[in-house]
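Student: Mind having a look at this structure? Questions to follow.
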Amino acid sequence: MERKLAEYRARKKAETEAKKPADRVIQNETKATSEDSPAVFTDTPELKPKTCPESPHTEDQSHYLLNTICGRWLQRVTLTHLTLLKVLLWLVLLGLFSELEFGLPFFVISLFYWLYEGLRSPRARQPGEMSAYSVFNPDCQPILGTLTAEQLEGEMGYRPIANR
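Rendered as structure tokens:
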């Protein structure tokens, strides 16, 4: 098992070394294009009202929300009609069950349902897709305190541990 893990680490290291020059080229191209164009979309001068003189200060204020984390999140997240209807239905049902004095059980059951829906995956992980473990431990280094199969067998007395 340790041999396979060492081979895997060597293969991953070779892959990252092979990708590094390509990543540097992409980063250089991205930096060059980002220096030429602004990061946020600007309006065309024909569509802007000419009510006040143009200054860099007023332009920065118009895109303030787009530059914040919340603004970028709001641009990515789209609240669909179906989601809105689900939330409204849940609120109506919560009100109904609260009126019938079953609000707390309804809320607790809803929490368990949301937990179930949030934790299950809608599809199986694709080959090559990173797992949660490999995202935070990219080289698959042993975590302190973990027990390997060889160490367990040695502790149980099946065979001696070489480095004891």
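6 is the number of the first residue of the sequence shown in our numbering; add one for each residue after it.
A virtual CB, placed ideally from N, CA and C, is assigned to each residue, including glycine.
So F111 and F117 are in contact, right, with Cβ under 8 Å, and what is the actual spacing, rounded?
Tutor: The C-beta separation of F111 from F117 comes to about 11 Å, leaving the pair out of contact by the 8 Å criterion.
Student: With L96 as the anchor, note down where its alpha helix (DSSP H) starts and where it stops.
Tutor: H86 to E104
Student: Quick one: residues in its chain with C-beta nearer than 8 Å to the C-beta of M6, no 5 flanking neighbours on either side, listed in chain order?
Tutor: T153, A154 and E155
Student: Considering F117, what are the terminal residues of the alpha helix (DSSP H) in which it resides?
Tutor: G108 to L124
Student: In its own chain, which residues sit with a C-beta less than 7 Å from the C-beta of A15, not counting the 5 before and 5 after it?
Tutor: none
Student: Taking the alpha helix (DSSP H) that A171 falls in, what are its first and last residues?
Tutor: Given that the chain is displayed from residue 6 to residue 169, the structure contains no residue 171 and the question cannot be resolved.
Student: What do you reckon, is the C-beta of L109 under 6 Å from a heavy atom of the ligand MN?
Tutor: No copy of the ligand MN appears in this structure; indeed no ligand is present at all.
Student: Run through DSSP, which three-state label would I148 get?
Tutor: coil
Student: Distance, Cα to Cα, S139 vs C145?
Tutor: Using only the alpha carbons, I get a separation of about 7 Å.
Student: Can you check which of these residues, Q131, P143, E160 and R128, is closest to E20 by C-alpha distance?
Tutor: E20 has its Cα closest to that of P143, out of Q131, P143, E160 and R128.
Student: Compute the beta-carbon to beta-carbon distance between L99 and G108, rounded to the nearest angstrom, for a pair I have assumed lies under 8 Å.
Tutor: 6 Å
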